[in-house]
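**Q**
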Amino acid sequence: MGKVYVFDHPLIQHKTAMIRKIDTSVKDFREMVREISMLMGYEATRNLPLEEVEIETPMCKTTMKMLQGEDIAIVPILRAGLGMVDGMLALVPNAKVGHVGLYRDPETHIPVEYYCKLPTDIAKRQVFVVDPMLATGGSAIAAIDFIKDKGAKNIIFMCLIASPEGIEALQKAHPDVDIFIAAKDEKLNENAYILPGLGDAGDRLYGTK
Ligand code: PRP
Ligand code: URA
25 MGKVYVFDHP LIQHKTAMIR KIDTSVKDFR EMVREISMLM GYEATRNLPL EEVEIETPMC
85 KTTMKMLQGE DIAIVPILRA GLGMVDGMLA LVPNAKVGHV GLYRDPETHI PVEYYCKLPT
145 DIAKRQVFVV DPMLATGGSA IAAIDFIKDK GAKNIIFMCL IASPEGIEAL QKAHPDVDIF
205 IAAKDEKLNE NAYILPGLGD AGDRLYGTK
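In this note's numbering, the protein residues as written are 25 to 233.
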């Protein structure tokens, strides 16, 4: 079973509380989603493989540990997942970025795919699938299905707010995927929105409604 990591860092908790507030502006929401993603990314990348590399300092030659080649892919689930990409790229600027386009049908809440473009060497990469919200889990499960179909093997899922129902469904569907979340909320409402949640993450990021 994949592990679930809930971040207890005060900066992450504070900023996650701020983005929930109904009067947080689009600009502040977007900036804080970026900041939280970077703070989470710092921990989520803890197990990236290192290799010994020969370098030369002004004093002498030596061997130091550095990240192995370009082995990371960040895959946002469109559209709200896009808000988490820049924070991750600030940490791993050479990562490749794939995109999976999905939206939840407003009536059935079932995810509908409209786009999928991934790095061709996705199978070799550590993949970070990012989306601010894990509600029913349908979108994350479908996105990870597509990504695995294209050959990806090592996948981590990162989101800001998750429901217990979404975590359970994702763990059941993809037991090999570890899940990193900023906050685990109480439950879903009758429209499959997370409570207390933050509302519609895509609308809050882009000022649509
Ligand atoms: C939101 C969110 C997730 C999904 C979560 O996207 O960003 O992708 O819902 O819900 P689920 O776990 O029940 O599938 P939405 O479908 O609203 O699309 P958007 O990003 O284009 O706003
Ligand atoms: N998608 C969102 O953006 N928010 C929710 O609470 C559930 C799904």
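Heads up, the beta-carbon is just placed ideally off N, CA and C, and yes, glycines get one too.
For the ligand PRP, I want to know if Met157 counts as a neighbour, meaning its beta carbon is within less than 7 Å of at least one of the ligand's heavy atoms.
**A** What you label residue 157 is simply residue 133 of the sequence shown in a count that begins at 1. Result yes, Cβ under 7 Å from the ligand PRP.
**Q** Is Gly190 a contact residue of the ligand PRP, with contact defined as CB to any heavy atom under 7 Å?
**A** Translated into the one-based positions of the sequence shown, residue 190 becomes position 166. Yes; taking the cut-off as 7 Å, the Cβ of Gly190 has a heavy atom of the ligand PRP nearer than that.
**Q** Any heavy atom of the ligand PRP within a distance shorter than 7 Å of the CB on Tyr127?
**A** For this step, residue 127 is matched to residue 103 along the sequence shown. Yes, the beta carbon of Tyr127 sits closer than 7 Å to at least one heavy atom of the ligand PRP.
**Q** Let me check one thing: in DSSP terms, what residues is Val30 bridge-paired to?
**A** Taking the first residue of the sequence shown as 1, we reach residue 30 at position 6. The partner list for Val30 (beta bridge, DSSP) reads Ile205.
**Q** Regarding Ala164 and the ligand URA, is the C-beta to nearest heavy atom distance less than 7 Å?
**A** Against the sequence shown, residue 164 aligns to sequence position 140. Ala164 Cβ: outside cutoff for every heavy atom of the ligand URA.
**Q** Rounded to the nearest angstrom, how far is the Cβ of Met90 from that of Glu75, given a contact under 8 Å?
**A** Mapped onto the sequence shown, residue 90 falls at position 66. Mapped onto the sequence shown, residue 75 falls at position 51. Contact holds; Cβ gap of about 6 Å.
**Q** Going by the beta-carbon positions, is the gap between Leu234 and Gly125 smaller than 8 Å?
**A** Past the edges of the chain, shown from 25 to 233, lies residue 234, and the structure says nothing about it.
**Q** Report whether the distance from the Cβ of Ala225 to the nearest heavy atom of the ligand PRP is below 7 Å.
**A** The residue labelled residue 225 in the question sits at position 201 within the sequence shown. Checking every heavy atom of the ligand PRP against the Cβ of Ala225, one is found closer than 7 Å.
**Q** Report the option in Tyr139, Arg149, Asp129 whose CA atom is closest to the CA atom of Asn118.
**A** Here residue 118 is taken as the residue at index 94 of the sequence shown, counted from 1. If we check each option's Cα against that of Asn118, Arg149 comes out closest.
**Q** Cβ of Leu102 within 7 Å of any heavy atom in the ligand PRP?
**A** Here residue 102 refers to the residue found at position 78 when the sequence shown is read from its first residue. Yes, the Cβ of Leu102 comes within 7 Å of a heavy atom of the ligand PRP.
**Q** Out of curiosity, what's the CA-to-CA distance linking Lys196 and Met25?
**A** Stepping through the sequence shown from its first residue, residue 196 is reached at position 172. Stepping through the sequence shown from its first residue, residue 25 is reached at position 1. Those two C-alpha atoms are separated by around 8 Å.
**Q** Specify the secondary structure class of Gln92 as computed by DSSP and reduced to three states.
**A** As a working mapping, residue 92 is identified with position 68 in the sequence shown. The answer is coil: DSSP assigns Gln92 none of H, G, I, E or B.
**Q** Going by alpha carbons, who is nearest to Val99 out of Val116, Val154, Ala147?
**A** Sequence index remark: in the sequence shown, residue 99 carries index 75 (1-based). When each option's Cα is compared against that of Val99, the closest is Val154.
**Q** Rounded C-beta distance between Ile165 and Ala97? I'm assuming under 8 Å.
**A** Taking the first residue of the sequence shown as 1, we reach residue 165 at position 141. Taking the first residue of the sequence shown as 1, we reach residue 97 at position 73. Between Ala97 and Ile165 the Cβ distance is about 19 Å, and since that is not below 8 Å, they are no contact.
**Q** Let me make sure I understand the geometry here. Which of Ala114, Lys51, Ser163, Phe152 has the alpha-carbon closest to that of Val136?
**A** Against the sequence shown, residue 136 aligns to sequence position 112. When only C-alpha atoms are compared, the closest one is Ser163.
**Q** What are the uninterrupted segments assigned as alpha helix (DSSP H) that are 4 or more residues long and contained completely in the region 94–139, given in chain order?
**A** Those alpha helix (DSSP H) runs which fall completely within the region 94–139 and span 4+ residues are 109–115.
**Q** Given this structure, state the Cα-to-Cα distance separating Phe53 from Glu78, to the nearest angstrom.
**A** As a first step, residue 53 is located in the sequence shown; it is residue number 29 there, counting from the start. As a first step, residue 78 is located in the sequence shown; it is residue number 54 there, counting from the start. Rounded to whole angstroms, Phe53 to Glu78 spans 43 Å at the Cα level.
**Q** Based on Cα-Cα distance, which residue from Ala207, Ile191, Lys208, Asp209 lies nearest to Val201?
**A** Taking the sequence shown and counting its residues from 1, one reaches residue 201 at position 177. Answer by Cα proximity: Ile191.
**Q** Label Thr132 either buried or exposed according to how many other C-beta atoms from any shown protein chain fall within 10 Å of its C-beta, with 16 as the threshold for buried.
**A** As a position in the sequence shown, residue 132 is number 108, starting the count at 1. Classification for Thr132: exposed.
**Q** Can you determine whether any heavy atom of the ligand PRP sits closer than 7 Å to the C-beta of Gly231, and answer yes or no?
**A** Reading the sequence shown from its first residue, position 207 is the one you call residue 231. Not so, every heavy atom of the ligand PRP lies at least 7 Å from the Cβ.
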